[in-house]
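As structure tokens, the structure follows; a few thoughts come after it.
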Amino acid sequence: MIRLEKRPQPSRALSLSTPIMAVLATFVFGGLLFAVLGKDPVEALQTIFWQPLFGEYAFYYRPQLLIKGAPLVLIAIGLSLGFKAGIWNIGAEGQYIMGAIFGAAVGLAFYPAEGWYIFPLMVFAGALGGWAWAMIPAFLKVRFGTNEILVSLMLVYVAEQFLASMSLGLLKNPEGYGFPGSRNLQQYMPAHNAELFAGSGMHWGVVAALIAVIFAYVLLAKHRLGFAIRVTGEAPRAARFSGVNPARLVLFCLGTSGLLAGLAGMFEVSGPSGQITIDFNVGYGFTAIIVAFLGRLHPIGILLAGGLMALTYIGGDIAQSNLGLPAAAIQVFQGMLLFFLLALDVLTHYRLRIGAAEAA
Amino acid sequence: MDLSAINPLLFVAGFLVAATPLIFAAIGELVVEKSGVLNLGVEGMMITGAICGFATAVETGSPLLGFAAAAVGGAALSLLFAFLTQVTLANQVASGLSLTLFGLGLSALIGQSYVGIKPPRLGDIDFGPLADIPVIGPILFTHDIILYLGIALVAGVWAVLKFTRAGLILRAVGESHDAAHALGYKVKRIRTAAILFGGACAGLGGAYISLIRVPQWTEGMTAGIGWIALALVVFASWKPWRALLGAYLFGGITQLQLNLQGAGVAIPVEYLAMSPYIITIIVLVVLSADKSAAPASLGRTFHASN
């Protein structure tokens, strides 16, 4: 009989090693999944995790890593603040969409004007869009006690419909021969989030993601607000006694995560994606949830986890075209990773004891 | 715009159909939450049920076997959730989310070869002359057996929770797992059973979408219905009949907006399609002031040593 015995202190060593164990377990079971699908598991895993980094065409894929990783890290950093405090924003996908729409709308409004101020204004608008969208669940939670999980999630569907409406209506390219979708911002220089060094994949979104990591690290480690977040998550009652205002914390955590998700959307639409289209969003807002947990809600961890997740996206694309591995298999692979992570997390907080329970 | 194009009889019969997936998912989740567990994986279990049911119905030619497979598929996925939350004591919110993410991926993977196929049709029950009664006949007596099963399930859950010992134990576990444990009840086992029941119900609800309501398979076709079901449980204050009422309300709204789209109302399609989600939020806001009906142990992890 295996029993669980609560540790007096969570184990630090295991806290660091369980994500690695989860990744290894996912390799094994993911490999099995690929084998079931009739692919050589070793070849599939090698294609996904080795090719993009060290393969023949790595020079092309490495920049992609930054392009896919930046929005994931940016969103996950915001989410992690709330998750730490038990405030669950799972509508980052919607905030990402709204940030993109706001940012693109401002850029398109200036078309075809020239000016250095256009891009900064778009950044501001993108952040505002995401922030405002996240403030809806935040405000409703603070004012009426409404469940933020459900409201933020519902708003994803609303945002998706709004995106469809925008790309077919207001933001549609007037010179687009009737096709849905906005003008391509990549062809409008003042609004283009271009690579900072050609061919590096480094765009302003990557810079923003790195700043967000540092910001979150300092906030959590040094600032009083970071302390409030951590205490609220671990002991809500103690937090209240220590003078934490729960309402302000909700507004801050949801607002910040919305703002960062909005920025991610804005950098994506003005850079790698280029235009507002009906299927602009590809699920970064949901994958970022996995990234946040995989990174153990720690800024540095999230940076690494974001890189790994980006790798599965890129490697998955390669495996799709080279080996015919279905895209959904990668999604299952990512979901599996989260399962193992959550399951193994028990080891951080509990000891396994083998033997019969003592009489209490 | 031509509102007269909406046939009131077809509309009512249609919204009963639209409400049925919600009834299944909501009543299942209601039982889970009554046992003190919050499973946010409803969407994932529904979509898994939708594809399991669809694939089985197509392969065997029997829609009823499809529904059985959907219940098994939903329950199998919920078993993962039960393992995470009851055995490894993982956070319920995170586990539920992971279930949804995993279920969406898994269903897309299974469903690849089923896109664009028509499933076998489940016939309506033959009520004989009852179906010929004006107005009532076409509304109430022209449906398939699963729709009636949904209503029977609500009645069954209500009766079990209210009148039986099993229902009392389930509620006790949900209100205070420590007290229930002290009385000698196996908290984890009871919760696991409730989670499996919830998974089976969600699976059935999902299959109702893919086999009857739509009927075909498309990726992510549940489109948030699982989440609306979660909201419905709050709306219903954890009372079965209120959940049924709520499901009809949402079914009605969904059907109405579809009919309005069809009738060519001046409101753009996208804004009509938003409406069920926005109304869910409004309902949540109106009802969230009173949380007293929620099971007291909802969402809390139980470990005997605590």
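These protein sequence lines map, in sequence, to chains V and X.
Numbering-wise (numbering that gives the first Met the number 0), the first sequence opens with residue 0 and increments by one.
Numbering-wise (numbering that gives the first Met the number 0), the second sequence opens with residue 0 and increments by one.
We put the beta carbon where it would ideally sit given N, CA and C, even for glycine.
Treat the numbers as computed from the prediction; the structure is a model and nothing was measured.
- Pairing ALA74/X with LEU341/V gives a Cβ-Cβ distance that is not under 7 angstroms.
- In the DSSP annotation of this structure, the continuous segment of the alpha helix (DSSP H) that includes GLU269/X starts and ends at 268 to 286.
- Two segments are said to touch when three or more pairs of C-beta atoms, one from each, lie closer than 8 angstroms; by this definition the stretch 99 to 117 of chain X touches the stretch 323 to 340 of chain V.
- An exposed status is given to ILE210/V, since fewer than 16 other beta-carbon atoms sit within 10 Å of its beta-carbon.
- Annotation for LYS5/V: the continuous beta strand (DSSP E) segment containing it runs 1 to 5.
- Short of 8 angstroms from the beta carbon of SER274/X, and not among the five residues preceding or following it, lie these beta carbons of its own chain, in chain order: ILE252 and GLN256.
- In the DSSP assignment, ILE353/V is bridged to ILE1/V.
- When the five nearest sequence neighbours on each side are left out, the beta carbons in the same chain lying within less than 8 angstroms of the beta carbon of LEU44/V are those of PHE26, GLY29, GLY30 and PHE33, in order along the chain.
- Straight-line measurement puts the Cα of SER14/V at about 5 angstroms from the Cα of THR347/V.
- Proximity of GLU269/X to chain V, defined by a Cβ-Cβ separation below 7 angstroms, is satisfied.
- With 16 or more other Cβ atoms inside 10 Å of its own Cβ, PHE82/V counts as buried.
- Annotation: VAL114/X has no Cβ neighbours in chain V at a cutoff of 7 angstroms; minimum Cβ distance is about 12 angstroms.
- When the beta-carbon positions are compared, ASN88/V and LEU296/V stay at least 7 angstroms from each other.
- Identification of chain X residues near GLY334/V by a Cβ-Cβ cut-off of 7 angstroms yields SER97, LEU100, PHE101 and GLY104, ordered along the chain.
- The beta carbons of GLY225/X and TYR156/V sit no closer together than 7 angstroms.
- Taking a Cβ-Cβ threshold of 7 angstroms, none of the residues of chain V is close to HIS142/X; the smallest such distance is about 28 angstroms.
- Taking 7 angstroms as the CB threshold, GLN160/V lines the interface with chain X.
- Under the Cβ criterion of 7 angstroms, VAL243/V is not counted among the residues facing chain X.
- By the criterion of at least three beta-carbon pairs nearer than 8 angstroms, the stretch 88 to 97 of chain V is not in contact with the stretch 111 to 120 of chain V.
- Under the three-state reduction of DSSP output, LYS140/V falls in the helix class.
- Around TRP87/V, the beta-carbon contacts reaching into chain X at under 7 angstroms are VAL92.
- DSSP, reduced to helix, strand and coil, places ILE132/X outside both helices and strands of the structure shown, so it counts as coil.
- Here GLY180/V carries a coil assignment [DSSP, helix/strand/coil].
- Within 9 angstroms of the CB of ILE280/X, the CB atoms of chain V belong to ILE135, PRO136, LEU139, THR145, LEU149, VAL150, MET153, LEU154 and VAL157, in sequence order along the chain.
- For PRO239/X, the closest of GLY149/X, ILE277/X and VAL41/X by C-alpha to C-alpha distance is GLY149/X.
- For the options ILE1/V, ILE19/V, ALA24/V and THR17/V, the alpha carbon positioned closest to that of MET335/V is the one of ALA24/V.
- A Cβ-Cβ contact shorter than 7 angstroms links VAL230/V with ALA237/V.
- Of all C-beta pairs linking the stretch 35 to 47 of chain X to the stretch 168 to 178 of chain X, three or more are shorter than 8 angstroms, placing the two stretches in contact.
- For PHE338/V, a Cβ of chain X is located within less than 7 angstroms of the residue's own Cβ.
- When the Cα atoms are used, LEU324/V and GLY315/V turn out to be separated by approximately 8 angstroms.
- Secondary structure at ILE46/X: helix, using DSSP grouped into helix, strand and coil.
- Here SER199/V is exposed, its C-beta having fewer than 16 other C-beta atoms within 10 Å.
- Annotation for GLN63/V: the continuous alpha helix (DSSP H) segment containing it runs 57 to 83.
- Of the residues PRO173/V, TYR176/V, PHE339/V and THR255/V, the one whose Cα lies closest to the Cα of MET134/V is THR255/V.
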